[in-house]
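Protein chains in written order, with this note's numbering: chain A, 4 to 129; chain B, 61 to 447.
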Amino acid sequence: MYSEKVMDHFMNPRNVGEIADADGVGTEGNPVCGDIMRIYIKVDEADRITDVKFKTFGCGAAIATSDMVCEMVIGKTIDEALQITNAAVAEALEGLPPNKMHCSNLAADALHKAIADYKERKAKQA
Amino acid sequence: MNRIYFDHAATTPVRPEVLTEMLPYFTENFGNPSSIYAWGRENRSAIDRARDSIAAQLGCTAREIIFTGCGSEADNLAIKGFALANQKKGNHIITSAVEHHAVLDTVKYMTKLGFEITILPVDQYGMVSPDELAKAIRPETILVSIMYANNEVGTINPIPELAKVCREAGVCFHTDAVQAAGALDLNVDKLGVDMMSLSAHKFYGPKGVGLLYVRKGVKLDSLIHGGGQERGRRAGTENVAGIVGMAKALELANAERLEMNARLTALRDRLIIGLRDRIPEIRLNGHPTERLPNNVNISIRYIEGESLLLNLDLKGIAASSGSACTSGSLEASHVLLAMGIPHEIAHGSLRLTLGRKTTEAEIDYLLEVLPPIVEKLRAMSPLYSPS
Ligand SMILES: Cc1ncc(COP(=O)(O)O)c(C=O)c1O
């Protein structure tokens, strides 16, 4: 039911972990649906994402999309990162089964929350 | 890679002895049992023999058995067929929160036809209490449907006590015994049931055949009208091979039942103890002792069931889970939730159901491959903080 690419990112995720001194953290999903994704980002002075990690509780699609969004966002500016949609993540994974397009495809939303958290912290500092 | 099947509650393979009995009815003995010539008559007597054999196993008469196309159809026939035939007597139906959807959704559907329903809660083990049932019965109650053994957590309900409550109140009692067949006593008089559903593919018979036992005197409307088969209660040319196969499978299952239960219980407990020893923060779902001998259902905290099943599949192991992604709905298993298990723990459930061919070596293989998978998934989980 999953593409080879999904299975690869699910079985061998490259970006699992936490960033202890993250500049932004975003969590999306809820336990009722059985998917919780948390994304940590590190951002430099030029607003460029230099490191990104995730922790996810969820199904194969939830883990694969989390890993993929990390891969897509590394090295991008936060403005570029905000352009990434859940649909784009699914596409980069060569598609998801239809029933996985909603609840398990929230990684971009988690990323956007991490960016919002970063902006908020930055605003507070200024 | 060797494949290991730990999903016997989902379905079982047809036993070779069963298949041998069935085969002639696909080829030489192809006649329609309703035809008057030899081909037909021979098949009519094959069905009669099967019906007699099953009646002997259940302790009922042959006329009390209606063959159906599956367990779900038997459940539908029991509920819709009984409710429609008896609606002048009352309009209230009682069931439990942990039924298979073949019962639960059918009972809920009856509200569209003007029936009122009560869905009984269960205790933390998934068991229905006879006292709760007695309290729920009203003057308008006509039917109670409560499963014998649960398909997800294996909990066995006190059917004789529940049936007694109904008998004393003059209410018809149906039980879905689909998961009980092969493991538990199916004698309808000892159980005290008025109707009982079975499905052949759960006890090493073929898929696509089931039956409903209906006690003499219980009125039932047919759901499938047409030819007069099954004494007008279920039209359609009989699935002769399937019926013959179901009878053989039930004979074999009952003959080996006690011996098989002892063997499976030992394997089951080896598995449960092994899991507890090797994986921290797990819990056994379902009753500790009143459970099917082949059922293990655990919740593994901080991880989700589908990702667990995918990992097990890559190791050649077939199992199932009550997570939303595998329950076919947007929520985790209604059974686990009804038992009061929180959502995130229900999503992390793993059901392993053993079968007659399960070996100790297979159990030990599972015990070897599961802990590293759990560790890997927990390391990815934002809910987990290792102590
Ligand atoms: C308790 C219970 N009832 C009913 C059914 C439905 O049986 P069938 O698959 O034959 O329709 C099942 C099988 O999944 C079951 O486990």
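Idealized CB from N, CA, C, for every residue including glycine.
Residue j beta carbon less than 7 Å from that of residue i
| i | j | result |
| --- | --- | --- |
| VAL158(B) | ALA313(B) | no |
| VAL248(B) | ALA110(B) | no |
| ALA69(B) | THR413(B) | yes |
| GLY214(B) | ARG336(B) | no |
| VAL72(A) | VAL92(A) | yes |
| ASN103(B) | VAL300(B) | yes |
| GLY252(B) | PRO220(B) | yes |
| ALA42(B) | ILE202(B) | Lying outside 61 to 447, the shown extent of chain B, residue 42(B) is not represented and no answer is given. |
| LEU193(B) | LEU164(B) | no |
| SER383(B) | GLU364(B) | yes |
| GLY346(B) | GLY186(B) | yes |
| ALA113(A) | GLY29(A) | yes |
| GLU88(B) | GLY150(B) | no |
| LEU280(B) | GLY141(B) | yes |
| ILE114(B) | ILE153(B) | no |
| ALA119(A) | ILE42(A) | no |
| PHE66(B) | ALA379(B) | yes |
| PHE175(B) | ALA138(B) | no |
| VAL167(B) | ALA309(B) | no |
| ILE107(B) | ARG294(B) | no |
| ALA237(B) | MET306(B) | no |
| TYR444(B) | TYR362(B) | yes |
| PRO449(B) | ALA243(B) | Lying outside 61 to 447, the shown extent of chain B, residue 449(B) is not represented and no answer is given. |
Chain-ordered chain A contacts of residue i [CB-CB under 8 Å]
| i | result |
| --- | --- |
| ILE363(B) | PHE60 |
| PRO348(B) | Chain A residues near PRO348(B): none, gap ~26 Å exceeds 8 Å. |
| ALA260(B) | Ordered by position in chain A, no residue passes the 8 Å Cβ test against ALA260(B), which lies about 28 Å from the chain. |
Neighbour list for residue i in chain A, Cβ cutoff strictly below 9 Å
| i | result |
| --- | --- |
| HIS403(B) | ASN33, PRO34, VAL35, CYS36 and GLY37 |
| LEU443(B) | PRO34, ILE39, LYS58 and PHE60 |
| LEU370(B) | TYR5, MET10, PHE13, MET14, CYS62 and GLY63 |
Through-space distance from residue j to residue i, alpha-carbon basis
| i | j | result |
| --- | --- | --- |
| GLU311(B) | LEU271(B) | 15 Å |
| GLY376(B) | THR349(B) | 29 Å |
| GLU341(B) | VAL35(A) | 20 Å |
| ASP191(B) | ILE179(B) | 14 Å |
| LYS103(A) | ILE52(A) | 28 Å |
| SER367(B) | PRO84(B) | 44 Å |
| LEU331(B) | ASP82(A) | 52 Å |
| ALA67(A) | GLU422(B) | 30 Å |
| GLY400(B) | ARG275(B) | 35 Å |
| ILE44(A) | LYS79(A) | 11 Å |
| THR71(B) | SER189(B) | 29 Å |
| SER132(B) | MET170(B) | 15 Å |
| LEU426(B) | ILE64(B) | 9 Å |
| MET255(B) | ALA134(B) | 10 Å |
| HIS234(B) | MET207(B) | 8 Å |
| GLU435(B) | GLY415(B) | 28 Å |
| MET4(A) | LEU369(B) | 13 Å |
| GLY265(B) | ALA439(B) | 42 Å |
| GLU123(A) | ASP11(A) | 35 Å |
| GLY61(A) | SER107(A) | 8 Å |
| PRO181(B) | HIS115(A) | 42 Å |
| CYS232(B) | LYS148(B) | 14 Å |
| SER6(A) | ALA126(A) | 41 Å |
| THR419(B) | LEU324(B) | 9 Å |
| ALA241(B) | SER205(B) | 17 Å |
| PRO442(B) | GLU212(B) | 27 Å |
| LYS267(B) | GLY302(B) | 8 Å |
| ALA111(A) | ASN357(B) | 34 Å |
| LYS8(A) | GLY63(A) | 11 Å |
| GLY277(B) | GLU124(B) | 9 Å |
Chain B residues whose Cβ lies nearer than 8 Å to that of residue i
| i | result |
| --- | --- |
| ILE66(A) | SER367 and MET440 |
Interface residues of chain A facing residue i [CB-CB closer than 7 Å]
| i | result |
| --- | --- |
| SER389(B) | Simply none; closest approach about 10 Å. |
| HIS407(B) | GLY37 |
| ALA392(B) | GLY37 |
* Asked: Just checking, does the segment 147-161 of chain B make contact with the segment 281-291 of chain B on the three C-beta pairs under 8 Å criterion?
  -> no
* Chain-ordered residues of the segment 204-236 of chain B with a beta carbon less than 9 Å from chain A -> none
* To do: Please name the residues in the segment 104-125 of chain A whose beta-carbon is closer than 8 Å to at least one beta-carbon of chain B, in chain order.
  => CYS106 and SER107
* Three or more C-beta pairs below 8 Å linking the segment 26-41 of chain A and the segment 403-413 of chain B -> yes
* Asked: Any residues in the segment 151-178 of chain B with a beta carbon nearer than 9 Å to a beta carbon of chain A? Which ones, in chain order?
  -> none
* Give, in chain order, every residue of the segment 371-384 of chain B whose Cβ lies closer than 8 Å to some Cβ of chain A. => ASN371, LEU374, SER383 and ALA384
* Counting Cβ pairs closer than 8 Å, one from the segment 14-21 of chain A and one from the segment 54-67 of chain A, do we hit at least three? -> yes
* **Near-chain B residues of the segment 71-93 of chain A - C-beta to any C-beta below 7 Å** => none
* Going along the chain, which residues of the segment 18-33 of chain A sit with their C-beta nearer than 8 Å to a C-beta in chain B? -> VAL19 and THR30
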